[in-house]
């Protein structure tokens with residue numbers, strides 16, 4: 001199956017400009033071309049774009065993504081370094097999750113504290129959400 005750049009953009013959730021940018025900085029190999037010379041993205045291209053999107057969502061820097069993409073072109077010989085990049089990114093994500101969990105815990109504490117203030121000091125009855133929680 002092949003997809004036009006517009007369809008690849010729609011399916012990947014990336015803009016056409018981002019697809020061209022990823023190609024220009026060598027995150028994405030140049031896609032095949034159709035008979036008219038237009039880009040024709042494959043399912044493999046879309047799967048790779050999905051993976052790149054996940055890497056960006058984790059906060060991986062473009063520089064590291066470029067290294068990963070370059071290593072990918074070397075096949076299994078680069079598996080160890082690619083794994084190391086992913087392990088490091090996973091560590092970074094786990095640290096960020098822990099940091100956010102701490103923030104969430106503080107927010108929950110403050111929300112509950114204000115709910116108690118409303119109930120005790122202001123004489124406000126608990127809302128339906130508070131009763132069911």
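Numbering (UniProt numbering), first residue to last: 1 to 133.
For each residue, glycine too, the CB sits at the ideal point set by N, CA and C.
Closest to residue 9 by C-alpha separation, out of 93, 121, 50 and 97, would be which residue? 50
Relative to the C-alpha of residue 45, which residue among 11, 93 and 113 is closest? 11
Is the beta carbon of residue 165 less than 8 Å from the beta carbon of residue 2? What is shown of the chain runs 1 to 133, which leaves residue 165 out entirely.
Enumerated in chain order, which unbroken segments of the alpha helix (DSSP H) with a length of 4 residues or greater are wholly contained in the UniProt domain "HTH merR-type" (1-71)? If we require 4 residues or more, the alpha helix (DSSP H) runs fully inside the UniProt domain "HTH merR-type" (1-71) come out as 5-12, 16-24 and 43-57.
Using the rule of at least 16 other Cβ atoms within 10 Å of the residue's Cβ for burial, across every protein chain shown, is residue 39 buried or exposed? buried
To the nearest angstrom, report how far apart residue 132 and residue 68 are at their CA atoms. Because residue 132 carries a pLDDT of 49, less than 50, the predicted location of this residue cannot be relied on, and the following value inherits that uncertainty. Taking the straight line joining both Cα atoms gives about 48 Å.
Beta-carbon separation of residue 65 and residue 52 under 8 Å? yes
For residue 15, which residues in the same chain have their Cβ closer than 7 Å to its Cβ, ignoring the five residues on either side in sequence? 9
Helix, strand or coil, according to DSSP, for residue 121 in the structure here? Residue 121: coil per DSSP, three-state reduction.
Can you tell me whether residue 22 is buried or exposed? The criterion is at least 16 other CB atoms within 10 Å of its CB, across all chains shown. Taking all protein chains in view, the Cβ of residue 22 is crowded by 16 or more other Cβ atoms within 10 Å, so the residue is classified as buried.
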